[in-house]
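In order, the protein sequence lines correspond to chains W and X. For what it's worth, my numbering labels the leading residue of the first sequence as 336, then goes sequentially. For what it's worth, my numbering labels the leading residue of the second sequence as 5, then goes sequentially. All residues carry an ideal CB built from backbone N, CA and C; glycine is no exception.
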Amino acid sequence: GAGVSQSPRYKVAKRGQDVALRCDPISGHVSLFWYQQALGQGPEFLTYFQNEAQLDKSGLPSDRFFAERPEGSVSTLKIQRTQQEDSAVYLCASSLGVTGIVSQPQHFGDGTRLSIL
Amino acid sequence: GENVEQHPSTLSVQEGDSAVIKCTYSDSASNYFPWYKQELGKRPQLIIDIRSNVGEKKDQRIAVTLNKTAKHFSLHITETQPEDSAVYFCAAPRKGGSYIPTFGRGTSLIVHP
Numbered sequence: 336g337a338g339v340s341q342s343p344r345y346k347v348a349k350r351g352q353d354v355a356l357r358c359d360p361i362s363g364h365v366s367l368f369w370y371q372q373a374l375g376q377g378p379e380f381l382t383y384f385q386n387e388a389q390l391d392k393s394g395l396p397s398d399r400f401f402a403e404r405p406e407g408s409v410s411t412l413k414i415q416r417t418q419q420e421d422s423a424v425y426l427c428a429s430s431l432g433v434t435g436i437v438s439q440p441q442h443f444g445d446g447t448r449l450s451i452l
Numbered sequence: 005g006e007n008v009e010q011h012p013s014t015l016s017v018q019e020g021d022s023a024v025i026k027c028t029y030s031d032s033a034s035n036y037f038p039w040y041k042q043e044l045g046k047r048p049q050l051i052i053d054i055r056s057n058v059g060e061k062k063d064q065r066i067a068v069t070l071n072k073t074a075k076h077f078s079l080h081i082t083e084t085q086p087e088d089s090a091v092y093f094c095a096a097p098r099k100g101g102s103y104i105p106t107f108g109r110g111t112s113l114i115v116h117p
């Protein structure tokens, strides 16, 4: 079946613009994660959904970052009033897992490379 | 991540040699430890994982060992090949119980032909 799909693959925006990044998880996957990956670093957790519920958003760097998953499948990460430090690869991952159940492998998308000029 | 340390940051080996990457974690309640391989510009891909009820797991040329007492786990790649060249990340659950993984900073493995 299809893997995790993210769009766009590349996004260039001017500082101050708003951007929206999309993630299509694997069908049937309950859990969805967003990560930010800076060059040469590991993925840093941003937020986690179980179905449509956003259970953890502790990793969002500021209130300019907002994520939603209204129907429990596709998710959108929105960044308002972008700044240069927002430049990074934004990865989405999904897993079968349910709340509190560990040990569920995550499947990643190819990411969106965001560049803020 | 703050509770996962990964070493070394770079590892250069000759084709056919073995490579070992080590991660330490801080939460003794952690029970799931995956390893991901990420090639340049591509997605992280799960290559092997281990749960805390076993000490070792093997899959062909790769293996993972877990020492719960010392709170560290290691990735072992034998008979390395040039296509093994990539960045490898370990992960362990964040403190607090629910599975939000914290990733190590990565190891850039270079296999010279």
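Collapsing the DSSP output to three states places Pro-343/W in coil. In this model, Phe-93/X and Val-347/W are separated by some 27 Å (Cα to Cα). Beta-bridge pairing by DSSP links Ala-337/W to no other residue. Chain X has no Cβ within less than 9 Å of the Cβ of Pro-360/W. Within the region 342 to 360 of chain W, not one residue has a Cβ closer than 9 Å to any Cβ of chain X. For Ala-67/X, the uninterrupted beta strand (DSSP E) run begins and ends at 66 to 71, by DSSP. Leu-50, Asp-53, Arg-55: these are the residues of the region 50 to 68 of chain X whose beta carbon lies less than 8 Å from some beta carbon of chain W, given in chain order. Contact annotation: Ile-451/W and Gln-418/W have beta-carbon atoms nearer than 9 Å. Between Gly-377/W and chain X, the shortest Cβ-Cβ separation is below 9 Å.
Burial is judged here by how many other beta carbons sit within 10 angstroms of a residue's own beta carbon; Lys-349/W has fewer than 16 and is exposed.
Take Ser-342/W, set aside five residues on each side of it, and the residues of its chain with a beta-carbon closer than 6 Å to its own are Arg-357, in chain order. With respect to chain X, the C-beta atom of Tyr-425/W has no partner C-beta closer than 9 Å.
Nearest CB-CB separation between Ile-104/X and chain W: below the 9 Å threshold. Listed by position along chain X, the residues whose Cβ is nearer than 9 Å to that of Phe-380/W are Gly-5, Arg-98, Ile-104, Pro-105, Thr-106, Phe-107. Counting every other CB atom within 10 Å of its CB across the protein chains shown gives His-442/W a total of 16 or more, marking it as buried.
Straight through space, the alpha carbons of Asp-359/W and Ser-340/W are spaced by roughly 5 Å. Residue burial is scored here from C-beta neighbours: Tyr-345/W has fewer than 16 other C-beta atoms within 10 angstroms and is therefore classed as exposed. Residue-level contact by beta carbon holds for Lys-46/X and chain W, with a gap shorter than 9 Å. Apart from sequence neighbours up to five positions away, the residues of its chain that approach Gly-20/X with a beta-carbon distance below 7 Å are Glu-83, Thr-84, ordered along the chain. Contact of Gly-110/X with chain W is assigned, a C-beta pair being separated by under 9 Å. When DSSP states are grouped into helix, strand and coil, Asp-445/W belongs to the coil group. Chain order gives the chain X residues near Gln-439/W as Tyr-36, Tyr-103, where near means a beta carbon separation below 9 Å. Taking C-alpha positions only, Thr-73/X is separated from Thr-106/X by approximately 20 Å.
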